[in-house]
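Reading the sequence shown from the start, the letters are residues -26 to -1, 1 to 82 in mature numbering (1 follows the signal peptide of the UniProt record, and there is no 0). All residues carry an ideal CB built from backbone N, CA and C; glycine is no exception.
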Amino acid sequence: MKKLTITTLVGMVTTFVLLISAPSKASMNPVVEKALQDVCHTSLSNKTMNFKKVVKSYRLDLQDVADKVVCNGEDIGTFAAENGADEIANYIRSLQEGHVEIQELASL
């Protein structure tokens, strides 16, 4: 009886440790995931009008898409450029160029 109790306890502890140490995959809302996939996929079409339509159909801001969306580990502009969608890449770059950052170079 004592051996059975110890074996059961060891089994439970081992299972608990394995469950905790196993990498957990962060789940994403399926609607958000579909929206991001569609935006990335459409960025490859090289058609600015279709790209804008898809972004607006999901009620996303074009500026936010240009600044924050990542496709296959790259920002969306680089992703489009590397896959031959130059019109989309240029359009996204034009959205990103509107940012102004002021840095103090020298103090007087």
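Asked: Residues bridged to Asp49 [DSSP beta-bridge criterion]; Found: Val44
Asked: Where Gly47 falls, given that 16 or more other Cβ within 10 Å makes a residue buried; Found: exposed
Asked: Chain-order list of residues whose beta-carbon lies under 7 Å from that of Ile66 (same chain, five-residue window excluded); Found: Ala40, Ile50, Gly51, Ala54
Asked: Own chain, CB closer than 7 Å to Lys8, minus 5 neighbours either side, in chain order; Found: none
Asked: Alpha carbon of Tyr32 to alpha carbon of Asp60, nearest angstrom; Found: 23 Å
Asked: Selected residue, minimal CA-CA separation from Val6, among Val43, Gly58, Thr22; Found: Val43
Asked: Whole-Å CB distance - Asn24 paired with Thr16, under 8 Å assumed; Found: 6 Å
Asked: Nearest neighbour of Asn20, chosen from Gln70, Asn57, Ser68 [CA to CA]; Found: Asn57
Asked: Secondary structure of Val55, DSSP reduced to three states; Found: In the sequence on display, residue 55 carries Ala and not Val. Ala55 falls in the helix class under three-state DSSP.
Asked: Own chain partners of Ala63 with C-beta closer than 8 Å, once the 5 adjacent residues on each side are dropped; Found: Gly51, Thr52, Ala54, Ala55
Asked: Terminal residues of the alpha helix (DSSP H) in which Asn3 lies; Found: It is not in any alpha helix (DSSP H) - Asn3 carries neither H nor E in the DSSP assignment.
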